[in-house]
Structure formats: structure tokens, C-alpha cells
Amino acid sequence: MPEISAEIEQNAALLEIIDSHKALEGALLPILHAIQQRFTYIPDTAIPLIAQQLNLSRAEVHSVTRFYSFFRSTAPGKHTLQLCRAEACQARGSRALEQAIQQRLGIGFHQTTADRAISLEPVYCLGNCAASPSIRIGDTVYGGMTIERFERLLSTLAIPVVEAQS
Amino acid sequence: MSDTEQQSCPRKIFLSRDTTSLALGAEQVADRIRASEKHRGEDIEIVRTGSRGLFWLEPMIEVDTAAGRVAYGPLPIDQLDETIESLLDADCLAGDKRHPLCLGLTEAIPYLAKQQRFSFSRVGVIDPLSLADYQQHGGLAGLHLALTMSAGDILAVVSDSGLRGRGGAAFPTGIKWQTVHDVDSEQKYIVCNADEGDSGSFADRMLMEGDPFSLIEGMIIAGIAVGAQQGYIYLREEYPNAHSILKQAIASAEAQQLLGNNILGSSKHFQLELRLAAGAYICGEETALLESLEGKRGMVRAKPPLPAISGLFGKPTVVNNVLTLAAIAGILTRGAAYYRDYGIGRSRGTLPFQLSGNIKYPGLIELAFGPSLRTLLEDFGGGTYSGRPMRSVQVGGPLGAYLPAAQWDIALDYEAFSQHNAVLGHGGIVVFDDSVDMAEQARFSMEFCRIESCGKCTPCRIGSTRGVELIDKICTDGCSANNMNLLEDLCDTMTHGSLCAMGGMTPIPVQSALQHFAEDFSKQGEQDD
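Protein chains in written order, with this note's numbering: chain A, 1 to 166; chain B, 167 to 695.
Now the structure itself:
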């Protein structure tokens with residue numbers, strides 16, 4: 001029964017993460033960060049485990065995971081692409097770029113391409129305002145973004161993106 | 167240094183590892199230099215620094231000369247191979263000034279020479295992770311001094327300096343610290359608000375990436391002054407580079423006994439922990455931040471009680487911005503009067519302004535309060551990037567006013583700005599050219615509030631949604647008296663009925679756009695005429 005053993009393994013990993021952080025003051029955010037770093041999202045099964053270990057209700061834990069836009073409840077694509085929508089990027093053409101990138105990828109914000117290569121998320125400032133418009137992929141911030149540069153970036157990331165249906 | 171000495175030790179190239187420098191190609195420059203070093207058989211040491219904040223000249227490299235550092239830039243990323251080779255051929259490592267990319271002495275570049283760098287004096291100069299470098303440039307002198315002073319004396323210096331909170335609210339730091347000091351409590355906290363969420367702001371990030379020890383030193387001094395032994399830095403998730411640098415800096419401070427028990431052999435203790443936020447703008451509001459640190463949703467608390475009296479876990483807490491804390495050590499070493507002598511009116515000291523958006527020369531400009539906004543836009547910024555006329559400037563982040571040309575002569579001073587219903591905030595300045603549609607900007611202000619509202623109070627949660635709808639209506643139906651009265655009423659409710667600045671200040675950009683750029687709101691109406 002491979003599925004059951006995978007679940008047992010996942011629970012053990014979750015408990016290990018929770019256990020190693022629960023002595024911290026205000027441990028919930030550090031725990032959620034550690035879980036998302038390990039699993040790329042917060043699995044539903046984590047909620048009751050955290051609740052039990054931190055002596056919180058499931059509703060409390062659930063509401064915290066939903067409040068913060070960074071925490072995901074489902075697995076993202078291979079790359080998470082954050083596109084800055086804030087004013088300093090708008091002043092350098094991010095509104096048009098936003099449209100072009102969505103069209104190029106064939107998805108909107110909070111969606112993942114069909115090949116699961118890219119998840120697109122909005123972000124409100126990457127602090128790269130002096131070289132806007134900005135996007136972030138993983139831990140790398142790219143500035144002066146244009147649709148042409150984005151196209152080249154996709155090829156260097158070796159992402160086989162399905163052409164958008166027009 | 168003689169020629170023979172220069173050749174015997176590895177020659178140094180200084181190159182920034184700041185987020186924006188990396189976005190502009192600093193890492194490719196480093197890779198390329200390492201490749202050249204190998205095939206030329208030269209011994210070159212690349213020292214990674216923070217950024218000088220002259221972003222239109224980056225990627226930029228600097229080398230040491232007897233007269234000071236000499237800079238070369240901007241290095242063209244699409245011709246890096248030839249450029250690096252030609253720089254090495256031209257003996258740029260010895261500071262040869264004949265290369266076409268030579269910018270001369272870095273500190274003589276007018277953009278930098280005209281600044282008053284106090285908090286940013288080391289940023290771009292030192293290796294941010296070298297404690298030795300930090301000390302050679304005056305670091306830790308403030309802490310050594312603080313360890314010999316009474317709490318009352320430290321508080322007096324901070325008060326006398328006139329330092330006010332640099333996060334935007336500009337509350338006098340000395341009063342806040344005194345309040346926390348005066349509360350009798352076993353447990354107190356120092357919390358650094360590093361959730362720099364305002365668009366157009368990057369000074370906190372640059373400081374944390376370029377001189378993290380100055381922040382750590384300021385927090386330790388704050389702890390000594392108010393009697394707190396635990397500190398937290400609440401850092402936004404959007405800053406992965408700052409996160410990595412701060413993490414290493416804290417580890418190294420712990421290893422060198424700057425943090426922990428018996429700081430530098432004294433009887434003082436201070437623990438510091440770095441905590442990561444999770445993408446909620448509202449957590450830059452201090453009470454929401456404290457909720458988040460406690461492991462809860464970032465919901466704003468009603469004040470009072472003030473965090474200084476009942477803050478993190480109900481304990482007396484200093485919540486200060488990165489730049490406030492980073493200024494402390496310098497204020498102690500140079501004295502309150504030195505700092506207070508900069509600035510005008512009640513705005514004392516310096517503010518690191520951040521110039522971005524549609525601007526030719528974007529960057530970080532630390533100046534004493536007082537010059538006009540126009541000085542920054544024209545003398546430093548050099549006009550728009552696009553070359554089109556400049557039309558609108560948003561100062562102080564997404565909750566700041568949009569200022570038309572008629573208001574660019576306002577002095578950069580907290581009080582002067584508030585007299586014009588504008589805010590200086592954290593010193594972020596975002597420039598727009600004449601292609602901007604101010605109705606779209608006003609709509610975005612409401613939309614941003616709708617997305618980022620914590621939802622606790624109705625004026626902000628519902629008001630922002632109605633605001634988006636109403637601006638859409640105005641753009642299609644025109645500025646009828648009915649629509650305008652509704653918007654004014656809505657803004658009034660948000661301003662006076664919201665729990666915090668999120669809902670309370672969102673009307674500022676909206677109303678400034680309407681007041682100064684009314685022609686952008688009735689496009690449909692014009693077509694009908």
C-alpha cells in the first residue's frame with residue numbers, strides 16, 4: 001500500500017518539523033514556513049497536527065494559513081513566478097507587461113500552467129523599484145523586465161511552455 | 167603603496183551583492199571576472215559589498231587607489247567578455263582613469279558627493295558580512311559606549327538627537343524608548359519592523375543587505391537602554407537576499423559574543439531572532455506585526471494600549487523601523503547635537519530618500535531634511551527615464567499623495583508635507599511621466615486596500631471595495647455631483663472610521679489624484695460631449 005506508507009512518512013516529517021519549532025515564542029509562522037519549504041505547500045494533513053501540538057483549534061491554524069498570501073494549500077508548479085503590480089513598476093510599464101505575461105503563459109494570477117511549469121502570483125513590491133518592472137522566480141529578482149526579456153528568460157530556465165490559445 | 171607591493175598581494179575589485187545590483191547583472195560580472203582571472207593568471211580578490219545606490223551606473227565595479235576608490239560602470243551585460251578584458255588590459259585594477267567606462271573617484275560622483283550619508287555611510291563600502299570591516303569603519307563604537315553608559319544617559323542622547331521613527335509615522339524615538347523603559351516588567355522586547363512593503367521603498371533592504379551589523383548594533387543598544395533582552399527582526403518574505411545576509415550576520419554576531427549572554431564580556435544579555443513574514447502588507451502596521459509575531463493572523467489591534475506598554479505577548483515592546491535602529495549607534499558615537507544639527511523644523515537628522523519609477527537616475531539619496539522635492543527630481547533624478555514630461559509623483563508609498571508639478575517645491579519635511587495633505591512616509595518617491603492615467607492610479611489605490619485590508623474594520627474592508635466600484639462608475643458615467651459626493655463621503659468614512667493607516671490613508675492618493683488630475687476621470691463623459 002504505497003499511498004498509506006507515503007502518508008505515514010509525510011506525517012512523520014510534519015511532526016518532526018513541528019516538534020523542532022514548537023518551543024519558539026509564537027511558533028506558528030516559523031512552523032508553516034518550514035513546512036512549505038519542505039513540501040512546497042501546506043498539506044491539509046498538517047493542520048490538525050499543528051493544532052494538536054500547539055494547543056490551538058484547527059480553525060485558528062487554518063485561518064492563519066489562509067490569511068497570508070505566501071502560504072499555499074496546493075502544490076505550485078516547478079517555478080513560482082511573482083510579478084510586481086505596485087506603483088514603481090506601473091510607472092515603467094508593468095500594466096502592459098502583466099497582460100503580456102499572462103497571455104504568453106495562458107494563465108491568470110494564482111494559476112499554474114497546464115504543464116505545471118509555472119505558477120503565477122502577484123506581488124506588491126520586491127524592493128527592486130530602482131530597476132523596475134520586476135519579477136521574481138525562486139529567490140532571484142529580475143529587473144527591467146520586458147516581454148522580450150521574459151521570453152529569453154523562459155528559454156534559459158528551460159521551461160517548455162505551452163503556447164497560449166489565441 | 168608601491169607597484170611591487172600591489173603586485174605581490176591579490177588586487178581587489180569591489181562589487182555589490184545588493185538585490186538590485188544582482189538584478190542588473192552583478193553576478194554575471196563576478197563570474198566573468200573569475201573566468202578572466204583564471205586564464206590571465208592574475209590574482210584578483212572580489213569583495214562583495216552592498217550598493218552605493220547609484221543604480222543607473224550599475225553593474226559597477228570599484229578598485230582601491232591611493233586617492234580612494236575608483237569606479238567603472240555601467241558595464242554592458244551583453245558585451246561583458248570584451249568589457250572585462252578591456253578593463254583588465256587598461257590596468258583598471260590600479261585605477262587607470264583612461265578607460266571610457268571610468269567614472270573617476272566614486273565619492274566624487276556628484277550624485278554621491280552631494281549627499282549627507284549618515285546611516286548609509288558604510289553601505290556599498292564594506293563587506294556586509296565582515297565584522298572586522300565593520301569595526302574598521304567605526305562599527306561597534308556605539309555599543310562599546312552604550313555599555314559604559316547608564317540607561318538614562320542613552321535615553322537622553324536618543325531624545326536630544328530629535329530622531330523620529332523612520333517607518334513613516336515619525337513618532338519621537340526617545341519618547342517611545344522612555345515609555346518602555348519606565349514600565350516595570352521582567353520581560354520586554356525590541357522588535358525591528360523590516361516589513362518594508364511600500365512600493366518605491368528599498369532603503370531598509372539596502373541597509374540590511376549592505377550593513378546588517380549596524381541594525382544589530384542598534385537593536386542591542388535599544389535593549390540595553392530599555393531593559394529588554396529579547397529582540398526580533400520581522401522581515402518580509404519578498405526579500406530573500408536580505409534574509410540570507412541577515413541570517414549570516416546574526417550567526418556571526420553570536421559567534422563573536424555580540425549577541426547572547428554577557429555581550430562583549432559585560433553583564434548585559436541580548437538574544438536576537440530573525441522571523442520571516444508571509445506576504446501581508448498590513449503586517450507593516452506595528453500592531454498587526456505583533457499579532458503576526460505571536461503566530462496569529464495579522465489583524466490590527468485597537469490602540470490603546472500602546473505597544474510600548476502592552477506589545478508583544480502583552481509585554482512592553484519597542485517597535486522601530488530598520489532605519490531608526492540603524493541610526494542609533496552613529497548618534498551615540500557622534501553625539502545628539504551632531505545628528506540634530508541636520509534637518510529643519512521638527513524633522514531632525516537625515517532621511518534616505520529612494521527615487522524610482524519613471525526616472526532617469528534612480529537611486530538612494532540620503533539627505534538632511536529640508537531641500538525641495540524638485541531638487542531630488544531634477545538635480546538628482548535628471549528628469550524622466552522615458553524623456554517625456556514628468557506629470558505626477560507619489561511620495562511615501564501606496565498610501566501617499568500624488569503630487570502635481572505645482573507642489574514639487576514643498577520642502578522635504580514631515581510637517582510641510584502634512585500641511586499639504588501629503589506624507590513623507592518612508593521616503594519613497596515614485597515618478598510618473600505624462601502617459602500615466604491618474605484614474606487608473608486612484609482605482610489601484612482602492613484595489614490595493616481591498617486586497618491588503620486585514621478585514622477587521624468595516625470602513626477599510628468594505629470601503630475599499632465600494633471605492634473601486636465607485637471610481638469605475640465615475641470613469642464611465644462621468645464626475646456627476648452625485649458620484650463625487652458619494653466618493654467624498656466614502657473617503658471621509660474611511661479616513662475617520664478606520665482602525666489604522668491602511669484604510670485611514672487610502673483616501674490620500676485617491677483624493678490627491680482627483681483634486682490635481684480631475685481631467686483623467688471623465689474620459690467617457692468627454693467622448694459623449
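Note that beta-carbon positions come from the ideal geometry of N, C-alpha and C, so glycine has one too. This one's a predicted model, so the numbers in the text were calculated from it and none came from an experiment.
Proximity to residue i [Cα-Cα], best of the options
i, options, result
"D361 (chain B)", "B:N487, B:K204 and B:L246", "B:N487"
"Y142 (chain A)", "B:V559, B:T186 and B:A647", "B:T186"
"S217 (chain B)", "B:D579, B:R183 and B:M612", "B:R183"
"R92 (chain A)", "B:G363, B:K526 and B:V213", "B:K526"
"T74 (chain A)", "A:N55, A:L24, A:I42 and A:L14", "A:I42"
"Y551 (chain B)", "B:V324, B:L220, B:N524 and B:V602", "B:N524"
"D115 (chain A)", "A:K78, A:M145, A:P133 and A:C89", "A:K78"
"L442 (chain B)", "B:F436, B:T453 and B:K413", "B:K413"
"G270 (chain B)", "B:S365, B:R463 and B:R235", "B:R235"
"L543 (chain B)", "B:V323, B:L569 and B:Q344", "B:L569"
"E25 (chain A)", "B:E460, B:G563, B:Q677 and B:D603", "B:E460"
"P294 (chain B)", "B:M372, B:L223 and B:F284", "B:M372"
"T45 (chain A)", "A:K22, A:L15 and A:Y68", "A:L15"
"G669 (chain B)", "B:Q194, B:I637 and B:P625", "B:P625"
"D455 (chain B)", "A:Y68, A:K22 and A:S20", "Just to set this straight, residue 455 (chain B) is Leu in the shown sequence, not Asp. Out of A:Y68, A:K22 and A:S20, A:Y68 has the C-alpha closest to the C-alpha of L455 (chain B)."
"Q37 (chain A)", "B:D350, B:Q437, B:E403 and B:D299", "B:E403"
"P378 (chain B)", "B:I292, B:G426 and B:S458", "B:I292"
Any C-beta of chain A under 7 angstroms from that of residue i
i, result
"G389 (chain B)", "no"
"Q560 (chain B)", "yes"
"F546 (chain B)", "no"
"R697 (chain B)", "As shown, chain B starts at 167 and ends at 695. That puts residue 697 (chain B) outside it, with no answer to give."
"F598 (chain B)", "yes"
"N524 (chain B)", "yes"
"F286 (chain B)", "no"
"P294 (chain B)", "no"
"E403 (chain B)", "yes"
"A444 (chain B)", "yes"
"G501 (chain B)", "no"
Proximity of residue i and residue j at Cβ, strictly below 7 angstroms
i, j, result
"T149 (chain B)", "G305 (chain B)", "Residue 149 (chain B) cannot be examined here, being either before or after the span of chain B that is shown, 167 to 695."
"M465 (chain B)", "K622 (chain B)", "yes"
"T339 (chain B)", "T490 (chain B)", "yes"
"S538 (chain B)", "F598 (chain B)", "no"
"S367 (chain B)", "Q520 (chain B)", "yes"
"I210 (chain B)", "R177 (chain B)", "yes"
"A502 (chain B)", "S327 (chain B)", "yes"
"Q397 (chain B)", "I429 (chain B)", "The residue you asked about is not Gln; residue 397 (chain B) is Gly in the sequence shown. No, the Cβ-Cβ distance between G397 (chain B) and I429 (chain B) is not below 7 angstroms."
"E121 (chain A)", "Q82 (chain A)", "yes"
"A201 (chain B)", "K342 (chain B)", "no"
"R274 (chain B)", "P518 (chain B)", "It is worth fixing the name first, because residue 274 (chain B) is Ala in this sequence and not Arg. No, Cβ-Cβ distance for A274 (chain B) and P518 (chain B) is not below 7 angstroms."
"V484 (chain B)", "V634 (chain B)", "no"
"V213 (chain B)", "G261 (chain B)", "no"
Range of the contiguous alpha helix (DSSP H) that encloses residue i
i, result
"E613 (chain B)", "M604 to E618"
"A360 (chain B)", "Note, A360 (chain B): premise wrong, no alpha helix (DSSP H); beta strand (DSSP E) at Y355 to A360."
"A192 (chain B)", "A192 to R206"
"V323 (chain B)", "A317 to S327"
"R283 (chain B)", "Careful: R283 (chain B) lies outside any alpha helix (DSSP H) and carries neither H nor E."
"S182 (chain B)", "Per DSSP, S182 (chain B) belongs to no alpha helix (DSSP H); it is in the beta strand (DSSP E), R177 to S182."
"N649 (chain B)", "A647 to G663"
"I135 (chain A)", "Here I135 (chain A) belongs to no alpha helix (DSSP H); instead the beta strand (DSSP E) covers I135 to I137."
Interface flag, residue i vs chain B, CB-CB below 7 angstroms
i, result
"D139 (chain A)", "yes"
"S5 (chain A)", "no"
"G108 (chain A)", "no"
"F70 (chain A)", "yes"
"L29 (chain A)", "yes"
"H33 (chain A)", "yes"
"R58 (chain A)", "no"
"S73 (chain A)", "no"
"L49 (chain A)", "no"
"F67 (chain A)", "yes"
"N55 (chain A)", "no"
The beta strand (DSSP E) enclosing residue i, as first and last residue numbers
i, result
"A237 (chain B)", "G234 to Y238"
"C268 (chain B)", "C268 to L271"
"E121 (chain A)", "I118 to V123"
"D230 (chain B)", "I227 to T231"
"Y300 (chain B)", "Counting along the chain, Y300 (chain B) falls outside any beta strand (DSSP E), though it belongs to the alpha helix (DSSP H) covering L297 to Q302."
"T142 (chain A)", "Sequence check: residue 142 (chain A) is Tyr here, not Thr. Its beta strand (DSSP E) spans residues T140 to Y142."
Fill in: Those runs of the alpha helix (DSSP H) which lie wholly inside the stretch 396 to 429 of chain B and span at least 4 residues
406 to 421
Discussion item. Quick check on the DSSP output: what are the complete beta strand (DSSP E) runs of length 3 or more inside the stretch 59 to 98 of chain A, in order along the chain?
Written reply: You should have 79 to 84.
Item to complete: Quick one: which unbroken alpha helix (DSSP H) runs of 4-plus residues sit fully inside the stretch 498 to 569 of chain B? Chain order, please.
Response: 502 to 506
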